[in-house]
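Working notes for the structure below.
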Amino acid sequence: PAVRRAIDAQLDLGTLFVSPCEDNSEVAEMLAERYGLPLWRFTNSGTEATMDAIRVARAATGRDKIVKVEGGYHGHHDEVMISMKPPLSVAGPARKPFSVPSSAGITADTIKTTIVVPYNDPEALEDVLRAGDVACFIVEPVMQNIGICKPLPGYLQAVREITQRYGTLLIFDEVKTGITSGWGGATGVLGVTPDLVALAKSIGGGLPLGAFGGKREYMDTITDGRVVHLGTYNGNPLCMAAAKAVLREVCTREATQSAIDLNTKIVDACAGVIDRAGVDANVVQFGAKGCVTWSREPIQNYRDYKATDFDLAYAQWIHGINRGVMLPPGLDEQWLISIMHGEAETMNYANVFQEFVDELLV
Numbered sequence: 005p006a007v008r009r010a011i012d013a014q015l016d017l018g019t020l021f022v023s024p025c026e027d028n029s030e031v032a033e034m035l036a037e038r039y040g041l042p043l044w045r046f047t048n049s050g051t052e053a054t055m056d057a058i059r060v061a062r063a064a065t066g067r068d069k070i071v072k073v074e075g076g077y078h079g080h081h082d083e084v085m086i087s088m089k090p091p092l093s094v095a096g097p098a099r100k101p102f103s104v105p106s107s108a109g110i111t112a113d114t115i116k117t118t119i120v121v122p123y124n125d126p127e128a129l130e131d132v133l134r135a136g137d138v139a140c141f142i143v144e145p146v147m148q149n150i151g152i153c154k155p156l157p158g159y160l161q162a163v164r165e166i167t168q169r170y171g172t173l174l175i176f177d178e179v180k181t182g183i184t185s186g187w188g189g190a191t192g193v194l195g196v197t198p199d200l201v202a203l204a205k206s207i208g209g210g211l212p213l214g215a216f217g218g219k220r221e222y223m224d225t226i227t228d229g230r231v232v233h234l235g236t237y238n239g240n241p242l243c244m245a246a247a248k249a250v251l252r253e254v255c256t257r258e259a260t261q262s263a264i265d266l267n268t269k270i271v272d273a274c275a276g277v278i279d280r281a282g283v284d285a286n287v288v289q290f291g292a293k294g295c296v297t298w299s300r301e302p303i304q305n306y307r308d309y310k311a312t313d314f315d316l317a318y319a320q321w322i323h324g325i326n327r328g329v330m331l332p333p334g335l336d337e338q339w340l341i342s343i344m345h346g347e348a349e350t351m352n353y354a355n356v357f358q359e360f361v362d363e364l365l366v
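If you number the sequence shown the way the working numbering does, the last residue is 366 and the count never jumps.
Written as structure tokens, this is what we have:
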């Protein structure tokens, strides 16, 4: 209701003036408070947010190469459409993956300048940064393109130290985790501050909105004109009104924590089902998101994900749809507890999961 009221009110005032509005400043200030990074710019999507953050990193460092994680998704611009879900037959060695284009139309030069490393392997990252020619390392602090893949203890801290040592900027793609993880996103929850953060999805309250922010010395590349950041609809009043309502009235500390607490109940219930049945599955939670992965142990990287049982994952998805549980269609996705969900709706997932496992064992 808060987002709808904000949108309705803004519709009467105007939706697009192609110039800054007061809400730009207010939303930027709220993001700065949440994420501890002072300067913010607005886009229309997460793809644009990561694209612009990479451009800032290249301008700030004077370097061309970037590094991403194998299996990581950061939007559909060319620089990051590399090794999103590569077939293992062409992916190369696990610790030194090949850069595999994920679409036709990506130039050979782009493939050469995007280097791929495994997640949760700081030594592999250091190996490619040692030459001192990498502009940035872009990574989801908690991978959410392969279910939920958490960082091992100390991984992000090591990444932060290694990138600083070699003058490489660290970009956290928090498009999925930025609001759903808790106050301050994964950045705040995990206690590691990157140089730049990209946001989208939840911050717009259902409207198309992205944002990227960072430390002053890097965002100043836009302020002083070295980096050009343009867009007719960037930071338009309608999306800004929605974002202000999301940040101020909807996704408050208290409301977000309530959703996380409710999610914990589902996760615990599903874990109990798995333990009692003895099936090769595990359930993972991060913030208000969770997922069941069909492997005995939680995955640690893309290669682990590829070894999970996709047939069972697909069967579970179809089973849920036929019983009114509609999850995202990708088997690499997660459930998300929203502010509007109640215990009855959410625990229904655990009940349907119990039914599915019972049928497996018949």
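All C-beta atoms, glycine included, are put in the ideal place defined by N, C-alpha and C.
Which same chain residues, not among the five before or five after residue i, have their C-beta less than 7 angstroms away from its C-beta?
i	result
T197	G40 and T191
H233	R45, D56 and I226
A317	W298 and L335
L331	W321, G324, E337 and W339
K310	L92
V271	V287, Q289 and G294
R59	V231
T117	D68, K69 and I70
Y159	N124 and P126
Let me check you understand the geometry: is the CB of residue i closer than 7 angstroms to at least one non-hydrogen atom of the ligand PLP?
i	result
V201	This structure does not include the ligand PLP; it has no bound ligands of any sort.
Using DSSP bridges, identify the partner residues of residue i.
i	result
M147	C153
T114	Beta-bridge pairing links T114 to no other residue.
K69	V138
Q289	G294
W339	G294
A202	D177 and F216
F102	Answer is none; F102 lacks a bridge partner.
I119	V71
I1	Residue 1 lies beyond the range of the chain shown here (5 to 366); nothing can be said about it.
Below 8 angstroms on the Cβ atoms is my guess for residue i versus residue j; work out the distance and round it to an integer in Å.
i	j	result
A64	R99	Incorrect: roughly 29 angstroms between the Cβ atoms, too far for contact.
C243	G208	6 angstroms
L203	G182	4 angstroms
V7	G291	The pair is not a contact, with the Cβ atoms about 20 angstroms apart (cut-off 8 angstroms).
A245	A13	7 angstroms
Q284	R300	Residue identity check: residue 284 is Asp in the sequence provided, not Gln. Rounded, the Cβ-Cβ distance is 5 angstroms, consistent with contact.
L156	Q304	7 angstroms
C295	G96	That belief does not hold up - the Cβ atoms of C295 and G96 are roughly 27 angstroms apart, past 8 angstroms.
S206	V163	Contact doesn't hold; Cβ gap of about 24 angstroms is too wide.
T47	A215	7 angstroms
A10	K248	7 angstroms
A281	V361	5 angstroms
A348	C274	Between C274 and A348 the Cβ distance is about 16 angstroms, and since that is not below 8 angstroms, they are no contact.
E144	D177	5 angstroms
L200	A61	7 angstroms
G50	G79	6 angstroms
Just to confirm the assignment, what range does the alpha helix (DSSP H) spanning residue i have?
i	result
G324	F314 to I325
R38	E26 to Y39
V356	E347 to L364
V163	Y159 to R169
A247	P241 to A249
C274	R257 to A281
L17	A6 to L17
E130	P126 to L133
Y306	Y306 to K310
A190	G189 to L194
For residue i, which residues of its own chain have a beta-carbon under 6 angstroms away from its beta-carbon, when the five flanking residues on both sides are left out?
i	result
P230	Pro is not the amino acid found at residue 230; the sequence shown has Arg there. A63.
K180	Q148
V146	K154, T181, A190 and F290
K293	T184, Q338 and L340
V193	S185 and G186
P302	N286 and V288
D131	none
Note the first and the last residue of the continuous beta strand (DSSP E) segment covering residue i.
i	result
A215	G214 to G218
D82	From DSSP, D82 is part of no beta strand (DSSP E); its letter is neither H nor E.
D177	L173 to D177
T47	L43 to T47
Can you list, in chain order, the residues of its chain with a C-beta nearer than 8 angstroms to that of residue i? Leave out the 5 residues immediately preceding and following it.
i	result
A36	P42, L43, W44 and G217
R38	W187, G188, G189, G192 and L251
V329	N352, Y353 and V356
E83	M55, I58, I70, T114, T117 and T118
Task: Stretch-stretch touch, CB-based, cutoff 8 angstroms, three pairs: the stretch 253-272 with the stretch 338-349 - done: yes
Open item on the list: Measuring CB atoms only, is the stretch 129-139 touching the stretch 66-74, in the sense that at least three cross pairs come out at less than 8 angstroms?
Closed with: yes
Task: Meets three-Cβ-pair contact criterion under 8 angstroms: the stretch 230-244 and the stretch 23-33 - done: yes
TODO: Would you check if there are 3 or more beta carbon pairs closer than 8 angstroms linking the stretch 181-195 to the stretch 254-264?
DONE: yes
Open item on the list: Between the stretch 169-178 and the stretch 102-111, can you find at least three pairs of beta-carbon atoms closer than 8 angstroms?
Closed with: no
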